[in-house]
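First comes the structure, then the notes that go with it.
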C-alpha cells in the first residue's frame, strides 16, 4: 500500500544550501522537521540507514546554514548519516533511487556531488581527511573551512585519536563535530564511551574554551558553559581529554535544539583559530518513535510502513549464512570452554549475538577497533584459548598488519570468520568482500577456506575449532544458504583437500566458495548442449589441493577456476602451481574467472554478479569458448563421463 508523501513547503523551496541562507532561524527549525519527514518517507520506500540520518537532521541543517559548502568541506563519518545532507544538496529528486542500481549511493561519494568532498563508508576516517583538506588550504589550495562530523560510534576507533593528536600538534583551524548518540550499530563499548557519557551531563550546557568563546555566546548559554566547565572537569578552567589533545572543546550541546546549534556554530566559526571540537548530544532515530525505541533494529532497515514502522521481511527459504555461523559456533562453544568470540561493534551483524546471549562472558565486543580486535585475539590464542574473530571481509582490511605481524608471523591459532565475502548488494563497492583471499593467502602459516554452501560452513567451523597448528580463515557470503539440510554436527575436514561434486569429461570447473551453485547451474546448461563438465569444490585456497588440480588438468581439455573475489586470489594460486609443476606443459586450456579489476557499483547481488560476468551463463560461455579454442569435440550423451 502506497503512503502519501509529506507536505514540505519550506523544503520545496530549497534546491541547495544557498537557499537556506535567507531563512530565519525559526524557518530553519521548521525546515529540519520537513527534512526529517522526507527522510522517513524516502527510506520507507528504499530501505537503508534510517536511525543515524534521523539523528543528525538539525545538525545537518545548521551546518549548511552556517558554513559555506561546498567551498567549506563537510565530511560525514560514518557516511550513512548523510541522507539529510543529500536532500539539502540538490539530490532530493533522486533520493528514491537510494542504494539501487544506477541510483544514489547510501554513503557520501566524491563522484556524485561537489558537496561530497570525501567518500566515507568505513568509520573513523573523517578527522584525518578534514585535516588533509585544512593543510591543503594552508598550502594555498582553494579550500575553505573543513568540518568533520564524526558519530555513530566512530569516535571509539583509534584512528580518530591519531588524527586529533596530529591536528592538535599542527594547531590549524579545523572543526570536528562529535555526534554523540551513544550508539553505533550496537551500543558502543569501552572507557571512551563512558567518558563521553560523563561529558554529557548537564545536557544543554556549553563548555567553551578559554580563548574567549564563552564571551561571544548568548547570555544563558554563556552561564551554562561556565557551570559545565566545573561540572565536567571538576574545576574552573579544567581540561577535557580533547583539550589535552590540543582542541578547543565546546559542549555538550543539544543536537536537536536549533537555536543552540546555530548559536554555537556561529560563535565557533567567528572566533576559532585552531582545532575545535563541538560535542553534540543526539538521539538516534529522533522523531520516529519505532526507531527511538529500538535503535539497533532501525540502524539499517528494509522497506517499512512509515506510520507503524513495521518492516517488510521477505520469506526465507533457508537460514542465512550468518545465523548458521552463530548457531554452529554457539553449539561448539557449549562443548569446548576455550572457544571465545571477538567482534568489532557488530555482534548481531556477525551472528555472535547468538553466542553472546548464551555465553556473555566469552564474547568480546571491542568496538570499532579491528586492529585491536585482531591482536586481542592473538593474545587470547597465545594464552591457550580458541578465539573466533568474526569480522566482515571489507572491515578485516583494517586489521591487516595485525594479521600479518601479530598472528601469522607468530603462527598463533586465531580463527577468522569472514562474513560478507563477495559482492553484498545495496551497500556497494565500499562493503564488497573482494580482497581477503588475495591478502590472506600470501601470508605464511595461514590456512584459507571458503564455504560452498551452508552445510560446508558447518564443517569449516568444526575444522577451525580443531585446527591448533596456526591461523585459519573461512569465508562465507551475505544472505541465505541454498537450502541444504544442515548436519547435526560438523565434520573436521582434511586440510587442503577439496571434493568433486559432479563428474564430467570435457571440461572441469573448480569453484572456490559460494559460487559453487552457479558452477553446478553452468554444468547443467552445458549438459543440455552435449558438453560434459566436472564440477569440483576446492574448499581450500591455501593449501591448495594439488592432487585434485592435477587430476582435473590431466583428464580434461579445459579447466576453469571460479571465485567470488578479485584477481590475485584462488585462480592465481592455481595458475602459479600449474606453471611451476609442469601442469601447463601438456597444453590444457586454463581460464580464471574472478571479479573484474574495478569496483562494482551498488545493485542487487544478482545484478552485481551479472555485471562482473560471473553468472552461470557466463561460466558456461567461458567453458564453451575454452573448448572451442582447444578444438575439443564434446562427448556424445551416450558416452560415459570419465571419473575423476
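Residue numbers (the UniProt record's numbering): 1 to 644.
Virtual Cβ for every residue (Gly too), placed ideally from N, Cα, C.
In this text, all values refer to a predicted model and were calculated from it rather than measured experimentally.
Can you check whether the CB of residue j is closer than 7 angstroms to the CB of residue i?
i: residue 433; j: residue 421; result: yes
i: residue 482; j: residue 453; result: yes
i: residue 610; j: residue 258; result: no
i: residue 513; j: residue 564; result: yes
i: residue 646; j: residue 16; result: Residue 646 lies beyond the range of the chain shown here (1 to 644); nothing can be said about it.
i: residue 395; j: residue 370; result: yes
i: residue 96; j: residue 42; result: yes
i: residue 436; j: residue 393; result: yes
i: residue 160; j: residue 131; result: no
i: residue 589; j: residue 629; result: yes
i: residue 64; j: residue 88; result: yes
i: residue 84; j: residue 35; result: yes
i: residue 554; j: residue 616; result: no
i: residue 463; j: residue 541; result: no
i: residue 129; j: residue 76; result: no
i: residue 306; j: residue 44; result: yes
i: residue 381; j: residue 423; result: no
i: residue 330; j: residue 362; result: no
i: residue 104; j: residue 92; result: no
So, at 8 angstroms on beta carbons, what are the nonlocal neighbours of residue i in its own chain, with the 5 sequence-adjacent residues on each side left out?
i: residue 543; result: 447, 495 and 496
i: residue 179; result: 55, 56, 59, 81, 149, 150, 151, 152, 255, 280 and 282
i: residue 593; result: 560, 561, 562, 563, 571, 613, 614, 618, 619 and 622
i: residue 627; result: 506, 507, 531, 557, 558, 589 and 634
i: residue 384; result: 338
i: residue 643; result: Annotation note: pLDDT 42 at residue 643 (below 50); position unreliable, no value reported.
i: residue 323; result: 351 and 354
Suppose the cutoff is 7 angstroms on Cβ atoms and the five residues either side in sequence are ignored; what does the same chain contact list for residue i look like?
i: residue 220; result: In this predicted model, residue 220 has a pLDDT of only 49, less than 50, meaning its place in the structure is not dependable; the value taken from the coordinates is given anyway. Excluding positions up to five away in sequence, the list is empty.
i: residue 465; result: 332, 336, 339 and 386
i: residue 235; result: Note that residue 235 scores a pLDDT of 37, beneath 50, so its modelled location is shaky; the value from the coordinates is reported in the next line. Result list for residue 235: empty, nothing under 7 angstroms.
i: residue 637; result: Residue placement at residue 637 cannot be trusted, given a pLDDT of 40 that sits under 50; what the coordinates show is reported in the next sentence. Only 530 meet the Cβ criterion.
i: residue 184; result: Its pLDDT being 47, under 50, residue 184 is placed unreliably in this model, and the value from its coordinates should be taken loosely. Taken in chain order, the residues that qualify are 152, 153, 345 and 368.
i: residue 125; result: 77 and 159
i: residue 439; result: 400
i: residue 468; result: 413
Give the single residue among the options whose Cα lies nearest to the Cα of residue i.
i: residue 301; options: 267, 579, 106 and 268; result: 106
i: residue 621; options: 602, 603, 601 and 591; result: 591
i: residue 655; options: 445, 430, 347 and 379; result: Not covered by the structure: residue 655. The range shown for the chain is 1 to 644.
i: residue 376; options: 356, 353 and 415; result: 415
i: residue 425; options: 25, 4, 530 and 479; result: 479
i: residue 526; options: 502, 540, 548 and 546; result: 502
i: residue 142; options: 176, 84, 69 and 318; result: 69
i: residue 154; options: 168, 181, 243 and 147; result: 181
i: residue 287; options: 38, 582, 567 and 468; result: 38
i: residue 294; options: 608, 52 and 557; result: 52
i: residue 318; options: 73, 171 and 484; result: 484
i: residue 168; options: 94, 175 and 246; result: 246
i: residue 574; options: 596, 586 and 548; result: 548
i: residue 372; options: 398, 509 and 103; result: 398
i: residue 10; options: 444, 2 and 33; result: 33
i: residue 268; options: 334, 528, 324 and 175; result: 175
i: residue 46; options: 438, 545, 427 and 567; result: 427
i: residue 115; options: 92, 74, 250 and 315; result: 74
i: residue 580; options: 546, 327 and 355; result: 546
i: residue 309; options: 316, 292, 144 and 323; result: 292
i: residue 491; options: 515, 328, 140 and 320; result: 328
i: residue 157; options: 127, 409 and 285; result: 127
i: residue 71; options: 2, 3, 145 and 25; result: 145
Whose C-beta lies closer than 6 angstroms to the C-beta of residue i among residues of the same chain, with five residues either side of it excluded?
i: residue 265; result: 62 and 66
i: residue 7; result: none
i: residue 639; result: Any answer about residue 639 is weak, because its pLDDT of 42 lies below 50 and its placement is not dependable; what the coordinates show is given next. Around residue 639: no qualifying Cβ.
i: residue 343; result: 350, 352, 365 and 390
i: residue 584; result: 578
i: residue 18; result: none
*asked:* With three or more C-beta pairs closer than 8 angstroms as the rule, is the region 517-537 touching the region 464-474?
replied: no
*At 4 residues or longer, and completely inside the region 486-557: list those alpha helix (DSSP H) runs for me, N to C.*
Qualifying alpha helix (DSSP H) stretches, in chain order: 516-528 and 546-555.
*At 3 residues or longer, and completely inside the region 357-416: list those beta strand (DSSP E) runs for me, N to C.*
363-365 and 386-392
*Specify whether the region 454-463 and the region 400-408 touch according to this definition: at least 3 beta carbon pairs, one from each stretch, less than 8 angstroms apart.*
no
*asked:* Using a Cβ distance threshold of 8 angstroms, determine whether the region 105-123 contacts the region 135-142, with at least three qualifying pairs required.
replied: Touching, no.
*Entirely enclosed alpha helix (DSSP H) segments - the region 259-346, minimum 4 residues*: 289-293 and 321-335
_Entirely enclosed alpha helix (DSSP H) segments - the region 25-82, minimum 4 residues_ = 25-46, 51-55 and 57-66
*Whole beta strand (DSSP E) runs in the region 435-473 with 3 or more residues, listed along the chain?*
447-450
*Considering only residues of the region 141-178, which uninterrupted beta strand (DSSP E) runs meet the minimum length of 3 residues and lie entirely inside it, listed in chain order?*
146-151
*What are the complete beta strand (DSSP E) segments, minimum 3 residues, inside the region 574-637?*
589-593
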